[in-house]
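What follows is a short report on a single structure.
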Amino acid sequence: MTPQSKKWMRRVAKPWRLVFVGYVLAMTLATHWPSLELGTEAQPAPDKILHMLAFGGFALLLWRTRWLGAAWMAGPVAIAWAALDEVTQALPILQRTFSWQDMFASGLGVLLAVVWIWALGAIGGPANRARLAFGAYVLGDQFVRLRTWIVGLAAAGIGAVVMALVMWMLLGRAFGFPYYSVLATLIVAGVLGAVAATHLTLAAMYRRQASALKGRQPCFECGGSCCDVAFDEFGRGRCPSCDARIHRGQWREPMDLPLTAALRGAGSAALTAIGLFFVAVFIYGIVLGLSDRLTVAGHLLHLWQRLTPDMQVALDLAGIALILGVAVRVYRFRQAQLHDRQHVQCRCCHHDLRGTPLEGGLGRCGECGTPFVRFPHQPQAVSRRD
Ligand SMILES: [Zn+2]
Ligand SMILES: [Zn+2]
C-alpha cells in the first residue's frame with residue numbers, strides 16, 4: 005500500500021471507527037448497568053433478540069472500521085468480546101448474572117453478521133470487481149460526509165417508528181392485547197423499518213453521487229484524479245498519484261442491469277431461498293415426526309421447548325436471515341457472471357459481441373446500444389479490496 009492509498013483508506017474508515025468506539029462504550033455501559041431489568045414482570049424484555057442485534061451490530065461495525073486484515077476476523081473478535089462482556093457481568097458488585105442462553109444469542113448475531121459480510125463481499129472476475137470497486141468507492145466517499153450520517157439516522161428513526169406503529173395496530177387487530185411477545189415483534193418490526201428506510205434514502209443519495217463521480221474520474225485506491233492519464237490501446241493506465249492499475253472503463257460502468265436481466269438473476273436466488281426454506285421445514289418435520297421414536301430427535305424437540313419464547317423467536321429470525329443471506333449471495337453471483345461476460349454477450353439483449361470493434365477497451369452493443377468494457381484479464385486490474 006502506498007502512502008496515498010493508506011491516507012485514503014484511513015479517511016474512509018475514520019467515521020466508522022468513531023461510531024464503533026461510541027457503540028462499544030454505550031453497549032458495555034448498558035450491559036453492565038447494576039441490576040438493570042428491562043421490561044416488566046408481565047411483559048419481559050426480549051433479552052435474546054437484543055443480544056443478537058447488539059453483537060451482530062458490533063461485528064458489522066468492526067468490519068467497517070477496517071482495523072482487521074480480513075473481513076471474517078470480525079467474527080472471532082466479536083465472539084471473544086461477547087464472552088468477555090458476559091463473564092464480567094457476573095461480577096458480584098453488578099448484581100447481574102452470566103447466562104449461557106445470552107451468550108448463545110450473541111454468538112448467533114455474530115454468525116449472522118459474518119454470513120452477511122460474506123454475502124455482500126467481493127465476487128466475480130475483473131469486470132464485476134471493477135463494478136464493485138466503483139460502488140465501494142462511492143459508498144466510502146458518502147460516509148465521510150456528516151450529512152449522510154444525519155440523513156441516514158433520521159431515516160432509520162422514522163422508519164423504525166412507522167413500522168413499529170403499523171405492527172402495533174396490526175397486532176391489536178389480530179390478537180387483541182396483551183399479546184405475549186408484543187415487545188419482541190415491535191423491536192423486530194422497528195429494525196426492519198429502520199433498515200428499509202435507511203437503504204432507500206441512502207440509495208437515492210448514492211445515485212446522485214455516482215453520476216457526479218464519472219466526471220471526476222478518481223482512482224479507487226487513493227481518491228486522486230485520473231483525468232489526465234494516457235491509456236493504452238486496451239484502455240489500461242496507471243494512477244498518477246499512487247501508481248495503481250486503472251482502466252478507462254472503470255468509471256463508465258452502468259451500475260444496474262435492466263429489470264429483465266436482473267430478474268433472471270433474482271429467479272435463481274428466489275428459488276434458492278424457497279428451496280432452503282423447505283429444507284428447513286422438512287428437517288423440522290422429521291424432528292417432530294421422529295421425536296417419539298428417535299432419542300436424538302426427542303432430545304432436540306425437548307431442548308427447543310425448554311428455550312425461552314424470545315430465544316425461539318431469535319432462532320426463527322436467525323434462520324430466515326441465514327436463508328436470505330445465501331439467496332443474496334446466489335443473486336450476486338449470477339449478476340457477476342453477466343457483468344464478467346459483458347464483452348462476449350450483451351448484458352441487456354444477449355447479442356453476441358465477439359465481432360464488435362473495441363476502442364481503447366470500450367465498445368457498444370450494435371443491437372441495443374448498451375456500452376460494455378473489456379477488462380484485461382489480470383486479477384488486480386482494479387481495486388483488490390471489497
Ligand atoms: Zn491512485
Ligand atoms: Zn445489446
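Here the sequence shown stands for residues 5 to 390, where the numbers follow this note's numbering.
Yeah, the Cβ is synthetic: ideal placement off N, Cα and C, and Gly gets one too.
Small disclaimer: the values here were computed from a predicted structure and weren't measured.
Closer than 7 Å: residue i CB and nearest ligand 1 heavy atom
| i | result |
| --- | --- |
| Ala137 | no |
Closer than 7 Å: residue i CB and nearest ligand 2 heavy atom
| i | result |
| --- | --- |
| Thr374 | yes |
| His347 | no |
| Glu371 | yes |
| His355 | yes |
| Cys230 | no |
With 16 other Cβ atoms within 10 Å as the buried cut-off, status of residue i
| i | result |
| --- | --- |
| Leu22 | exposed |
| His251 | buried |
| Phe282 | exposed |
| Leu307 | exposed |
| Lys52 | buried |
| Phe147 | buried |
| Pro96 | exposed |
| Glu225 | buried |
| Cys246 | buried |
| Ser9 | buried |
| Arg237 | According to the sequence as given, residue 237 is Glu; it is not Arg. The residue is exposed, with fewer than 16 neighbouring Cβ atoms inside 10 Å. |
| Arg151 | exposed |
| His303 | exposed |
| Ala158 | exposed |
| Met56 | buried |
| Ser110 | buried |
Give a yes or no on contact between the region 105-121 and the region 204-223, applying the rule of three or more CB pairs nearer than 8 Å. no
Would you call the region 132-141 and the region 337-345 touching, i.e. three or more CB-CB distances under 8 Å? yes
Collect the residues with a C-beta less than 5 Å away from any heavy atom of ligand 1 and give them in sequence order along the chain. Cys223, Glu225, Cys226, Gly228, Cys243, Ser245, Cys246, Ala248
Can you check the region 336-390 for any beta strand (DSSP E) of at least 3 residues that lies completely inside it and give the ranges in chain order? 366-368, 375-377
Could you give the uninterrupted runs of the alpha helix (DSSP H) lying entirely in the region 163-246, keeping only those of 4 residues or more? 186-220
Counting beta carbon pairs with one atom in the region 359-374 and one in the region 309-326, are three or more of them shorter than 8 Å? no
Taking the runs of the alpha helix (DSSP H) that are 4 residues or longer, which of them lie wholly in the region 43-116? 51-69, 78-93
Touching or not, the region 274-288 and the region 322-335, by the rule of three or more beta carbon pairs under 8 Å? yes
Would you call the region 79-96 and the region 23-40 in contact, with 3 or more CB pairs under 8 Å? yes
Is it the case that the region 156-175 contacts the region 189-201, given that we only count it when at least three CB pairs across the two stretches are under 8 Å? yes
If you scan the region 286-332 from start to end, which runs of the alpha helix (DSSP H) of 4 or more residues do you find wholly inside it? 299-310
May I ask you to verify whether the region 61-68 touches the region 17-31, counting CB pairs closer than 8 Å and requiring at least 3? yes
Please specify which runs of the alpha helix (DSSP H), each continuous and at least 4 residues long, are wholly inside the region 130-166, giving them in chain order. 130-146
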